[in-house]
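J.:
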Amino acid sequence: MAIKDITLGQYFPGESAVHRLDPRTKILGTFVFIISLFIVNRFAGFAIAAVFLGAVIAASRVPLKFMLKGLRPILFLIVFSTLLNLFVTTGTPIFQIGPLSVTEEGVYRASFMVIRLILLIFGSSLLTLVTKPITLTDGIERLLSPMNIVKLPSHELAMMMTIALRFIPTLLDETDKIMKAQTARGADFESGNLFRRAKGLIPLLVPLFVSAFRIAADLAMAMEARCYRGGKGRTRMNGMAFTGLDALAFLILAVYFGSIVYVRMLAG
Amino acid sequence: MSEAIIEIEQVVFSYVREEGGENIPALDGVDLEILEGSFVAVIGPNGSGKSTLAKCFNALLLPEKGRVRVRGMDTGDDERVWDIRKTVGMVFQNPDNQLVSSIVEDDVAFGPENLGVEPAEIRERVDAALRSVDMYEHRKKGPHLLSGGQKQRIAIAGVLAMESECIVLDEPTAMLDPSGRREVMEIIRRLHARGKTIVLITHFMEEAAQADRIVVMEKGRIAFDGTPGELFTHSGDLQDLDMPFAVQLAARLRKRGIDVPKDAISEMDLVEFLCASK
Chain A
0 MAIKDITLGQ
10 YFPGESAVHR
20 LDPRTKILGT
30 FVFIISLFIV
40 NRFAGFAIAA
50 VFLGAVIAAS
60 RVPLKFMLKG
70 LRPILFLIVF
80 STLLNLFVTT
90 GTPIFQIGPL
100 SVTEEGVYRA
110 SFMVIRLILL
120 IFGSSLLTLV
130 TKPITLTDGI
140 ERLLSPMNIV
150 KLPSHELAMM
160 MTIALRFIPT
170 LLDETDKIMK
180 AQTARGADFE
190 SGNLFRRAKG
200 LIPLLVPLFV
210 SAFRIAADLA
220 MAMEARCYRG
230 GKGRTRMNGM
240 AFTGLDALAF
250 LILAVYFGSI
260 VYVRMLAG
Chain B
0 MSEAIIEIEQ
10 VVFSYVREEG
20 GENIPALDGV
30 DLEILEGSFV
40 AVIGPNGSGK
50 STLAKCFNAL
60 LLPEKGRVRV
70 RGMDTGDDER
80 VWDIRKTVGM
90 VFQNPDNQLV
100 SSIVEDDVAF
110 GPENLGVEPA
120 EIRERVDAAL
130 RSVDMYEHRK
140 KGPHLLSGGQ
150 KQRIAIAGVL
160 AMESECIVLD
170 EPTAMLDPSG
180 RREVMEIIRR
190 LHARGKTIVL
200 ITHFMEEAAQ
210 ADRIVVMEKG
220 RIAFDGTPGE
230 LFTHSGDLQD
240 LDMPFAVQLA
250 ARLRKRGIDV
260 PKDAISEMDL
270 VEFLCASK
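Residue numbers (numbering that gives the first Met the number 0), protein chains in the order written: chain A, 0 to 267; chain B, 0 to 277.
1. Would you please state the rounded distance, in angstroms, between the beta carbons of residue 77 (chain A) and residue 113 (chain A)? I believe it to be under 8 Å.
2. Should residue 85 (chain B) be flagged as near chain A, meaning a C-beta pair shorter than 8 Å?
3. DSSP three-state call for residue 135 (chain B): helix, strand or coil?
4. Do you know offhand how far residue 61 (chain B)'s Cα is from residue 216 (chain A)'s?
5. Which residue spans inside the stretch 147-226 of chain A form an unbroken alpha helix (DSSP H) run of at least 4?
6. With a threshold of 8 Å, are at least 3 pairs of Cβ atoms found where one atom belongs to the stretch 90-107 of chain B and the other to the stretch 162-174 of chain A?
7. For chain A, find out if any of its Cβ atoms is closer than 8 Å to the Cβ of residue 143 (chain B); answer yes or no.
8. Going by C-alpha distance, which of B:247, B:217, B:276, B:261 is nearest residue 29 (chain B)?
9. Which of the three DSSP states is assigned to residue 70 (chain A) in this structure?
10. Against chain B, which members of the stretch 151-164 of chain A pass a CB distance test of less than 8 Å?
11. Between residue 56 (chain B) and residue 198 (chain B), how many whole angstroms is the CB-CB distance? I'm expecting something under 8 Å.
12. Looking at the structure shown, is residue 269 (chain A) part of a helix, part of a strand, or coil, going by DSSP?
13. When the Cα atoms are used, what is the spatial distance from residue 5 (chain A) to residue 211 (chain B)?
14. Give the single residue among B:256, B:254, B:249, B:255 whose Cα lies nearest to the Cα of residue 262 (chain B).
15. Please decide whether residue 2 (chain A) counts as near chain B, where near means a Cβ-Cβ distance under 8 Å.
16. Chain A beta carbons: is any one of them nearer than 8 Å to that of residue 45 (chain B)?
17. Mind checking whether residue 83 (chain A) and residue 101 (chain A) have CB atoms under 8 Å apart?
18. Excluding the five sequence neighbours on either side, which residues of its own chain have a C-beta within less than 7 Å of the C-beta of residue 37 (chain B), listed in chain order?
19. What residue range does the beta strand (DSSP E) around residue 216 (chain B) cover?
20. Check whether the stretch 255-267 of chain A and the stretch 32-39 of chain A touch, using three or more Cβ-Cβ pairs below 8 Å as the test.
21. For the candidate residues A:14, A:19, A:31, whose alpha-carbon lies nearest to that of residue 260 (chain A)?
22. With distances taken from CA atoms, which of B:183, B:207, B:65 is nearest residue 154 (chain B)?
23. Taking any Cβ of chain B, which residues in the stretch 216-241 of chain A have a Cβ under 8 Å from it, in chain order?
24. Using the beta-carbon count (16 or more within 10 Å), is residue 158 (chain A) buried or exposed?
25. Does any CB atom of chain A fall closer than 8 Å to the CB of residue 118 (chain B)?
26. What is the rounded straight-line gap between the Cα of residue 144 (chain B) and the Cα of residue 9 (chain B)?
27. I think residue 115 (chain B) touches residue 234 (chain A), with their Cβ atoms under 8 Å apart; what is that distance to the nearest whole Å?
28. Does DSSP put residue 170 (chain B) in a helix, in a strand, or in coil?
29. Could you work out which residues of chain A lie near residue 161 (chain B), taking near to mean beta carbons separated by less than 9 Å?
30. How would you list, in chain order, the residues of chain A whose beta-carbon sits under 9 Å from the beta-carbon of residue 91 (chain B)?
31. Tell me the rounded alpha-carbon separation between residue 71 (chain A) and residue 138 (chain B).
32. Between residue 154 (chain A) and residue 229 (chain A), which are expected to be in contact by the criterion C-beta below 8 Å, what is the C-beta distance as a whole number of angstroms?
33. Taking the alpha carbon of residue 133 (chain A) as the point to measure from, which residue in A:237, A:185, A:50, A:40 has its own alpha carbon closest?
34. Kindly indicate if chain A contains any beta-carbon less than 8 Å away from that of residue 247 (chain B).
35. Who are the Cβ neighbours of residue 16 (chain A) in its own chain at under 7 Å, not counting the five residues just before and after it?
36. Based on the DSSP output, what are the partners of residue 255 (chain A) in its beta bridges?
Right, dumping it as structure tokens:
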């Protein structure tokens, strides 16, 4: 298997309304959604959040299978925090297993936690599913640009991310090549205990670093030859513009956020 | 007579080795004029200074002694550096290490974006540049999905989009397979026909033979400067060079008493001569 086959990011290509939103709208929307999850203090709030998220997912036409994939890496975290909440919370006991007792409050807190985590993961992975990494980078640059006043180099940060994205496949290729070359000379990357394996990576990492520096030097020269001189005076081919679609999105977002806050007030 | 676009006078340049600090001379008094609209090939063995010379053309390197002027602007003048680099665009050897963006059309737009061109005009220039290197249908792809020859064509499109008058290509085909090499040469010929000034640094005599002027570098000096025809008839003094097949064949035919004309340097010329002489 070539390392190259690994898919980059998790963008799900599509032309849905959610895909077509301005990246800034999507980033801000995701932030608002995450904040709203921490405002919620009862199940009714989560119900609103779940309906909202469900509607957005349906509109984006991203298959549920892709969403569930995002959960896999944090499955352990979910199980662990559920168990911890179940057994450690004190309160009215329901039943007992040995020294551990499950309480009503525990069940309540555990389910609360799990729902919040799952919504959090779904919400944030939806952003990367419906936005190309490069568009996301542009969006971040534009959102951070007001911070230039406090000397935050927003253009430079975005350029670094752009270049990193561009060179991931190149460096993976390079890793593949070096691995083959070193294997041909008898290097062993696959056997032995953890310590041995880590040590085995040295003949891979050293040439990889050297080659990364060489690429960087070449690229810097090529960028200078193409008149790159930082973000000042630079224009962009694809300017970003908010459309009616974005206005609609902000409106829906405002209604959603308002109802979340309202539900919390009711509880208070 | 057309005007000179790049003028090089008595240029000396040497690299300093990091350990020991000794000087390694790369250019040792080079004089050269590149005329507007010409197609000049620079050849020579490794370490002859041809790449160093190319980097002096657009102020990536500044000469120690002597002067380089692009359209009359001195490359040592800090204020004109960007005008010089806009006038003389450059394509490098490694197709992977010169593309900036992960989308082809964004990469082509990189140059004009740096120059502060209006967005609508960038769009036009990018589309036109991609069409003239036959890569328009690949504009939305990632560079890692393209072949080496295609990546070099994207790099050429990047220079075209800056509307550079002169394109310097530093061994653009060295890392390509034969079909990629043919693609790139085809594009270079086409651009020359459209009036661009081309400077092609290369290892391959077959490629250099397509230029209308060849400069041979040796140990930091110019060993020969003339048309391909002149070079091939002079080949006695420059033994190291790998002559194109047609030139070798013509020389052997001459040895056997067949009077092949001196200006027959391409396979086409030979075919025409041999068919006519029957």
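All C-beta atoms in this analysis are idealised placements derived from N, C-alpha and C, irrespective of residue type, glycine included.
T.: By the coordinates alone:
1. On the first sequence, residue 77 (chain A) is found 78 positions in, with the first residue counted as 1. On the first sequence, residue 113 (chain A) is found 114 positions in, with the first residue counted as 1. That pair is a contact at about 6 Å.
2. Along the second sequence, one-based indexing puts residue 85 (chain B) at 86. Yes - at least one Cβ of chain A is within 8 Å of the one on residue 85 (chain B).
3. The residue given as residue 135 (chain B) occupies position 136 in the second sequence. Three-state result, residue 135 (chain B): helix.
4. Against the second sequence, residue 61 (chain B) aligns to sequence position 62. Against the first sequence, residue 216 (chain A) aligns to sequence position 217. When rounded, the distance between both Cα atoms is 17 Å.
5. 153-183, 193-199, 201-224
6. Counting Cβ pairs under 8 Å, three or more are found: they touch.
7. Translated into positions along the second sequence, residue 143 (chain B) becomes position 144. So, interface residue.
8. Looking up residue 29 (chain B) in the second sequence gives position 30. Residue B:217 is the option with its Cα nearest to residue 29 (chain B).
9. In the first sequence, residue 70 (chain A) corresponds to position 71, counting from 1. Of the three classes helix, strand and coil, the one that applies to residue 70 (chain A) here is helix, per DSSP.
10. 161, 162, 164
11. Numbered from 1 along the second sequence, position 57 holds the residue referred to as residue 56 (chain B). Numbered from 1 along the second sequence, position 199 holds the residue referred to as residue 198 (chain B). Between residue 198 (chain B) and residue 56 (chain B) the Cβ distance is about 7 Å, and since that is below 8 Å, they are a contact.
12. It is not possible to answer for residue 269 (chain A), since the shown part of chain A is limited to 0 through 267.
13. As a position in the first sequence, residue 5 (chain A) is number 6, starting the count at 1. As a position in the second sequence, residue 211 (chain B) is number 212, starting the count at 1. Only weak support is given to the placement of residue 5 (chain A): the predicted model assigns it a pLDDT of 43, under 50, and the value that follows is read from those uncertain coordinates. Cα to Cα, residue 5 (chain A) sits roughly 47 Å from residue 211 (chain B).
14. What you label residue 262 (chain B) is simply residue 263 of the second sequence in a count that begins at 1. Of the listed residues, the one whose Cα sits closest to residue 262 (chain B) is B:249.
15. Start at 1 with the first residue of the first sequence, and residue 2 (chain A) comes out as number 3. With a pLDDT of 45 at residue 2 (chain A), under the threshold of 50, the modelled position of this residue cannot be trusted, and the question is left open.
16. Looking up residue 45 (chain B) in the second sequence gives position 46. No, because no Cβ of chain A sits closer than 8 Å to the Cβ of residue 45 (chain B).
17. Reading the first sequence from its first residue, position 84 is the one you call residue 83 (chain A). Reading the first sequence from its first residue, position 102 is the one you call residue 101 (chain A). In this structure, residue 101 (chain A) does not lie closer than 8 Å to residue 83 (chain A) by Cβ.
18. Residue mapping note: residue 37 (chain B) aligns to position 38 of the second sequence, counting from 1. If we look at residue 37 (chain B) and ignore the five residues flanking it on each side, its Cβ neighbours are 196, 211, 212.
19. Within the second sequence, numbered from 1, the residue matching residue 216 (chain B) stands at position 217. Residues 212-217.
20. Judged by Cβ distances under 8 Å, the stretch 255-267 of chain A makes contact with the stretch 32-39 of chain A, as three or more pairs qualify.
21. Indexing the first sequence from 1 puts residue 260 (chain A) at position 261. Checking every option, the nearest Cα to that of residue 260 (chain A) belongs to A:31.
22. In the second sequence, the residue the question calls residue 154 (chain B) occupies position 155. Taking only the C-alpha atoms, the option nearest residue 154 (chain B) is B:183.
23. Answer set for the stretch 216-241 of chain A: 217, 218, 220, 221, 222, 223, 224, 225, 226, 227, 228, 232, 233, 234, 235, 236, 237, 238.
24. Start at 1 with the first residue of the first sequence, and residue 158 (chain A) comes out as number 159. Residue 158 (chain A) should be labelled buried.
25. Counting from one through the second sequence, the residue named residue 118 (chain B) turns up at place 119. Yes, residue 118 (chain B) lies at the interface with chain A (some Cβ there is under 8 Å from its Cβ).
26. To locate residue 144 (chain B), count along the second sequence from 1; it is residue 145. To locate residue 9 (chain B), count along the second sequence from 1; it is residue 10. If you take the alpha carbons of residue 144 (chain B) and residue 9 (chain B), they lie about 44 Å apart.
27. Within the second sequence, numbered from 1, the residue matching residue 115 (chain B) stands at position 116. Within the first sequence, numbered from 1, the residue matching residue 234 (chain A) stands at position 235. Confirmed, about 5 Å.
28. As a first step, residue 170 (chain B) must be located in the second sequence, where it is residue number 171. In this structure, residue 170 (chain B) counts as coil in the three-state DSSP scheme.
29. On the second sequence, residue 161 (chain B) is found 162 positions in, with the first residue counted as 1. Ordered by position in chain A, the residues that pass the 9 Å Cβ test against residue 161 (chain B) are 225, 226.
30. Here the question's residue 91 (chain B) lines up with position 92 in the second sequence. Those are 217, 220, 221, 224, listed as they occur along chain A.
31. Counting from one through the first sequence, the residue named residue 71 (chain A) turns up at place 72. Counting from one through the second sequence, the residue named residue 138 (chain B) turns up at place 139. Cα-Cα distance, rounded: 35 Å.
32. Translated into positions along the first sequence, residue 154 (chain A) becomes position 155. Translated into positions along the first sequence, residue 229 (chain A) becomes position 230. So it is a contact: roughly 7 Å between Cβ atoms.
33. Reading the first sequence from its first residue, position 134 is the one you call residue 133 (chain A). Ranking A:237, A:185, A:50, A:40 by Cα distance to residue 133 (chain A) puts A:237 first.
34. Indexing the second sequence from 1 puts residue 247 (chain B) at position 248. Not an interface residue.
35. Taking the first sequence and counting its residues from 1, the one referred to as residue 16 (chain A) is at position 17. Sequence-distant Cβ neighbours of residue 16 (chain A) in its own chain, meaning closer than 7 Å and more than five residues away, are 58, 244.
36. What you label residue 255 (chain A) is simply residue 256 of the first sequence in a count that begins at 1. Per DSSP, none; premise fails for residue 255 (chain A).
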